[in-house]
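J.: Just so you know, we're using the working numbering here: the sequence shown kicks off at 1 and counts up by one.
Glycine included, every Cβ here is placed at the ideal spot set by N, Cα and C.
This one's a predicted model, so the numbers in the text were calculated from it and none came from an experiment.
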Amino acid sequence: MALKILEACTNCDMCEPECPNEAIYYGEKIYEIDPDLCTECVGFYDTPTCVSVCPVDCIITDPEREEDHQTLLKKFEALVLNDKI
Ligand code: SF4
Ligand code: SF4
1 MALKILEACT NCDMCEPECP NEAIYYGEKI YEIDPDLCTE CVGFYDTPTC
51 VSVCPVDCII TDPEREEDHQ TLLKKFEALV LNDKI
């Protein structure tokens, strides 16, 4: 699954620089995650690093973007091949 930031986000700026895929950006009101770039950190870390640094636990897995490990790995490989990350 790609991850999603909830409205409880306090715009603390902690997660954005930590994302290895540059999937996090400042949206209209709060930070948002581009689901096409989020690999749940597969290819880089064992666990999602944005979740680790968020002080208010407002980053969740998006139930509308279910992806298994293999799919996330293929997404990571495609991003690397396309030089997106
Ligand atoms: S899970 Fe990883 S790839 Fe996805 S937004 Fe968070 S830091 Fe970026
Ligand atoms: S770390 Fe959490 S609270 Fe801070 S900007 Fe990211 S999502 Fe928002």
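Which whole-angstrom value describes the C-beta separation of Cys41 and Pro48, a residue pair presumed to lie in contact below a C-beta threshold of 8 Å?
T.: Along the sequence shown, one-based indexing puts residue 41 at 41. Along the sequence shown, one-based indexing puts residue 48 at 48. So it is a contact: roughly 5 Å between Cβ atoms.
J.: For Met14, which residues in the same chain have their Cβ closer than 6 Å to its Cβ, ignoring the five residues on either side in sequence?
T.: Within the sequence shown, the letter at position 14 stands for residue 14. Around Met14: Val53.
J.: Going along the chain, which residues of its own chain have a beta-carbon closer than 6 Å to the beta-carbon of Asp34, five neighbours each way excluded?
T.: Locating residue 34 in the sequence shown gives position 34, counting from the first residue. Ala23.
J.: In three-state terms, what does DSSP make of Leu37?
T.: Numbered from its first residue, the sequence shown carries residue 37 at position 37. Coil at Leu37, not helix or strand.
J.: Across which residues does DSSP place Leu3 in a beta bridge pair?
T.: Position 3 of the sequence shown, counted from the first residue, corresponds to residue 3. Answer by DSSP bridge pairing, in chain order: Thr61.
J.: Between which two residues does the beta strand (DSSP E) holding Tyr25 run?
T.: Against the sequence shown, residue 25 aligns to sequence position 25. First-last of the beta strand (DSSP E) with Tyr25: 24–26.
J.: For Glu7, count the other beta carbons within 10 Å of its own beta carbon; 16 or more makes it buried, fewer makes it exposed. Which is it?
T.: Taking the sequence shown and counting its residues from 1, one reaches residue 7 at position 7. Classification of Glu7: exposed, given that the 10 Å Cβ count is below 16.
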